[in-house]
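Going down the list, the sequences are from chains A and B.
Per my numbering, the first sequence starts with residue 42, numbered consecutively.
Per my numbering, the second sequence starts with residue 36, numbered consecutively.
Yeah, the Cβ is synthetic: ideal placement off N, Cα and C, and Gly gets one too.
Note that the coordinates shown come from a computational prediction; the quantities given were computed from them, not determined experimentally.
Beneath this line is the structure, given in structure tokens, with notes to follow.
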Amino acid sequence: MLNKNKIMHQEKQHLWQNPLIYILAFCSGFCIMGIELLGGRILAPFFGSSVHIWGSIITVFMLSLSLGYLIGGKLSTRDASLNKYGAIFIIAGITILPIALYAQPIMESIFIQIEDSRYGSLLASMCLFFIPTVILGMISPYSVRLLVTDKESSGQTAGILYFTSTLGSALGTIITSFYMVLAFDVNDIVVGFSAVLVSLGLFAIAFNKITKSDLNELEVAIND
Amino acid sequence: MIRLTIILLCLLASISSSVTKAKIIHSERSLYRNIIVDEHKDLRCLKFNVKSNKTSQSCLSKSEPHKLVFNYTKLLFASLLMIDDPKRVLIIGLGGGTMSNTIHQLFPNAKIDNVEIDPAVIDVARNYFGFFENENIRSIVQDGRIFVKRSMLKKQQYDWIILDAFNGDYIPEHLMTKEFYQEVKALLRDDGVLSANTFSESKLFQHESATYHAVFGDFYNVKNLKNSNRIILATKYKLPTAEKISLRANKLVEQLAIFGIDIMSIQRDIKSTKNHKDWSTDTRVLTDQYSPANLLNLK
């Protein structure tokens with residue numbers, strides 16, 4: 042009886058939790074590439090549209106994602122929960138806001154300090170995109186931690202996760218560059234991404250709270 | 036002037052005159068584009084990307100190197116009806132260097148800054164189109180927007196600014212926003228003129244007009260039926276009156292005729308947007324925040 046309870050406890054997880062994590066990972070992939078693409082637009086007035094602009098942006102994104110994976114993986118070993126997962130989204134959403142709010146003065150001061158537009162654009166990319174992209178990078182390993190239940194299927198789980206988040210990236214790239222820039226200001230799109238990430242984070246936390254109390258009731262019912 | 040003529044003569048001497056079909060005499064892939072120089076009969080042309088005629092950036096008549104070949108380069112000289120002798124000229128987008136060479140011949144003492152993003156284009160202009168540099172004529176490898184911003188910090192001023200970063204159907208998006216035009220305006224002397232070689236019939240044309248109008252108020256359009264480019268002439272304060280324009284035209288007519296420019300006929304093609312606004316009032320102004328410029332062109 043005690044043993045059975047323990048198993049039940051381990052597996053208690055709502056039917057919709059995994060789909061939710063996939064949807065969240067999809068949206069984070071979408072936002073990462075949407076922001077990266079807008080990066081070229083944001084930097085162009087100060088650093089031009091030459092090839093080194095993309096060199097700077099892609100370097101910073103790759104570097105921050107790699108660090109994000111490392112930190113996210115480490116974080117997932119300590120009491121991983123959907124609550125903390127949601128918190129990552131909320132923080133990511135908040136940290137991309139400065140891109141819309143302070144890009145202008147930040148780039149202006151870098152432009153004045155650094156003559157060479159290669160290093161200027163690299164520093165500007167670091168200032169604007171490093172922190173939010175590190176945080177967005179934490180999402181992937183953390184998702185793996187929440188999704189994986191056994192060793193056998195762990196590779197497949199990771200495969201599906203990469204599939205959804207990278208598909209999100211592909212769609213984020215094309216929809217932002219083909220359609221959103223035609224309809225909205227760059228800052229509006231950035232604020233939109235921020236709102237989506239924060240809402241998703243809040244939704245994950247709310248979902249956790251609701252389903253947990255449901256499952257507790259269920260558990261109480263079974264024990265009775 | 037003499038040195039320029041010598042360079043052009045040497046250039047001519049090196050070319051065999053028996054060419055009948057367009058012959059490619061130089062082609063390379065630069066960081067930004069494919070660059071092709073070809074020759075057909077008397078014409079040597081600079082082309083970007085493809086070998087079709089539509090994409091010619093600049094052409095040189097080998098027998099009469101001083102004569103301007105392209106209509107739009109001739110139209111650009113309508114700018115001289117807006118100002119008296121220019122002393123400092125800024126050209127963004129070099130092409131074959133035709134504008135710089137011609138302006139130098141007209142005003143040997145004028146200081147000319149040519150800004151070109153692609154160093155390979157500068158080399159081709161030097162080697163194949165007789166692009167001439169001396170202590171007054173500089174060429175700077177830089178993105179036009181960055182050059183303008185840096186010049187603002189250095190408090191530079193120009194009498195004549197020419198925006199020609201246009202290859203027939205594409206303008207870099209960060210070079211056609213309200214913020215960019217404001218920066219360019221800040222570089223203009225109070226009595227200076229901005230001339231832009233640009234679209235005349237695409238969808239983008241309306242957005243572009245609205246954007247210029249938002250920064251400069253009413254401006255002049257110069258276009259004739261022969262050509263699909265138009266030239267925008269904008270000033271910081273008031274546009275010169277018709278009397279002032281025709282006075283300057285009369286003064287310049289002979290000087291410009293040497294270069295194949297019929298300033299009298301061009302003068303008639305100048306139209307103010309004051310009486311003739313050919314864009315709808317609700318057209319969205321292009322800004323650094325909203326500049327899907329070349330996408331709008333597709334619609």
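For B:H242, return the contacting residues in chain A, with the cut-off set at a CB-CB distance below 8 Å.
Going along chain A, no residue has its Cβ under 8 Å from B:H242, so there is no contact; the nearest lies around 11 Å.
Do B:W195 and B:V250 come within 8 Å of each other at the CB atom, strictly closer than that value?
No, these two residues do not count as a Cβ contact at 8 Å.
Going by DSSP, name the residue or residues bridged to A:I73.
None; A:I73 has no bridge partner.
Can you check whether the CB of A:P173 is closer than 8 Å to the CB of A:G114?
Result no, Cβ atoms of A:G114 and A:P173 do not sit closer than 8 Å.
In whole angstroms, give me the CA-to-CA distance for B:G131 and A:L241.
Roughly 54 Å between the two C-alpha positions.
Can you check DSSP and say which residues form a bridge with B:C80?
Paired residues: B:D73 and B:C94.
Take A:I64 as the anchor and find which of A:L111, A:L202 and A:S90 has the nearest alpha-carbon.
Minimum Cα distance to A:I64 is reached at A:L202.
Is the segment 213 to 228 of chain A touching the segment 186 to 204 of chain A in the sense that three or more CB pairs, one from each, lie closer than 8 Å?
Cβ pair count under 8 Å is below three, so no.
Just the C-alpha distance for A:S117 and A:M103, rounded to the nearest angstrom, thanks.
Rounded to whole angstroms, A:S117 to A:M103 spans 21 Å at the Cα level.
Might you give, ordered along the chain, the residues of its own chain that have their beta carbon closer than 8 Å to the beta carbon of B:I346, omitting 5 neighbours on each side?
Since the first and last residues shown for chain B are 36 and 334, residue 346 of chain B lies out of range.
With DSSP collapsed to three states, give me the class of A:R119.
It is coil, neither helix nor strand.
Which runs of the alpha helix (DSSP H), 4 residues or longer, sit entirely within the segment 140 to 212 of chain B?
List check, alpha helix (DSSP H) in window: 154 to 163 and 179 to 188.
From the beta carbon of B:Q324, is the nearest beta carbon of chain C less than 8 Å away?
Considering every chain present, this structure includes no chain C. Its protein chains are A and B.
Please identify, using Cβ separations under 9 Å, the residues of the segment 61 to 75 of chain B that lie next to chain A, in order along the chain.
Here the close residues are L66 and Y67.
Give the secondary structure of B:T316 by DSSP, where H, G and I count as helix, E and B as strand, and everything else as coil.
Correct three-state label for B:T316: coil.
If distances are taken between C-alpha atoms only, which option among B:S237, B:L291, B:L95 and B:R303 comes closest to B:P104?
First, the residue type needs correcting, since residue 104 of chain B is Val and not Pro in the sequence shown. Among B:S237, B:L291, B:L95 and B:R303, the Cα nearest to that of B:V104 belongs to B:L95.
I'd like to check one pair, B:N136 with B:F167: are the Cβ atoms closer than 8 Å?
Yes, the pair counts as a contact, with Cβ atoms nearer than the cut-off.
Locate the beta strand (DSSP E) running through B:I266, then write down its first and last residues.
Start and end: N264 to T270.
Compare the C-beta of B:L103 against all C-beta atoms of chain A and say whether one is closer than 8 Å.
No, B:L103 lies away from the interface with chain A (no Cβ there is under 8 Å from its Cβ).
Sort A:F152, A:G178 and A:Q145 by Cα distance to A:L106 and report the nearest one.
Of A:F152, A:G178 and A:Q145, the residue nearest in Cα terms is A:G178.
Quick one: is B:L110 near chain A, going by C-beta distance under 8 Å?
Closer than 8 Å: no.
Pop quiz: B:D199 and B:I127 are said to be a contact at Cβ under 8 Å. What is the actual Cβ separation, rounded to whole angstroms?
Right, the Cβ-Cβ distance comes to about 6 Å (below 8 Å), so this counts as a contact.
Could you tell me if B:I172 is buried or exposed, where buried requires 16 or more neighbouring beta carbons within 10 angstroms of its beta carbon?
Looking at its Cβ environment, which holds 16 or more other Cβ atoms inside 10 Å, B:I172 is buried.
Cutting at 7 Å between CB atoms, please list the residues of its own chain near B:S235, excluding the five before and the five after it.
K258, S263, N264 and R265, listed in sequence order.
Anything in the segment 72 to 103 of chain A with a Cβ closer than 8 Å to a Cβ of chain B? List those residues in chain order, please.
Listed by position, the residues of the segment 72 to 103 of chain A near chain B (Cβ gap below 8 Å) are R82, A85, P86, F87, F88, G89, S90, S91 and V92.
For chain A, find out if any of its Cβ atoms is closer than 8 Å to the Cβ of B:R173; answer yes or no.
Not an interface residue.
For A:G268 versus A:A236, is the C-beta distance shorter than 8 Å?
Coverage of chain A is limited to positions 42 through 265, which leaves residue 268 of chain A absent and any answer about it impossible.
Might you give, ordered along the chain, the residues of its own chain that have their beta carbon closer than 7 Å to the beta carbon of B:S186, omitting 5 neighbours on each side?
Hits under 7 Å: L222.
Are any of the Cβ atoms in chain A nearer than 8 Å to that of B:S315?
Output row for B:S315: interface = no.
In the DSSP output, what is B:R64 paired with across the bridge?
Beta-bridge pairing links B:R64 to B:N69.
Relative to the C-alpha of B:L129, which residue among B:T108, B:K273, B:L274 and B:Y272 is closest?
For the residues B:T108, B:K273, B:L274 and B:Y272, the minimum Cα distance to B:L129 belongs to B:T108.
Name the chain B residues whose beta carbon is nearer than 8 Å to that of A:I153?
In chain order: L188.
Can you confirm whether B:I181, when its beta carbon is compared against all beta carbons of chain A, has any partner nearer than 8 Å?
Yes, contact with chain A.
Could you please give the first and the last residue of the uninterrupted beta strand (DSSP E) stretch that includes B:S307?
Taken as a continuous stretch (DSSP letters only), the beta strand (DSSP E) holding B:S307 covers I305 to S307.
Find the residues of chain B that neighbour A:D191, judging by a C-beta separation of less than 9 Å, and give them in chain order.
The premise fails here: A:D191 is roughly 48 Å from chain B at the closest Cβ pair, so nothing lies under 9 Å.
Is the segment 78 to 93 of chain A touching the segment 160 to 175 of chain A in the sense that three or more CB pairs, one from each, lie closer than 8 Å?
Taking 8 Å as the limit for Cβ pairs, the verdict is that the segment 78 to 93 of chain A does touch the segment 160 to 175 of chain A.
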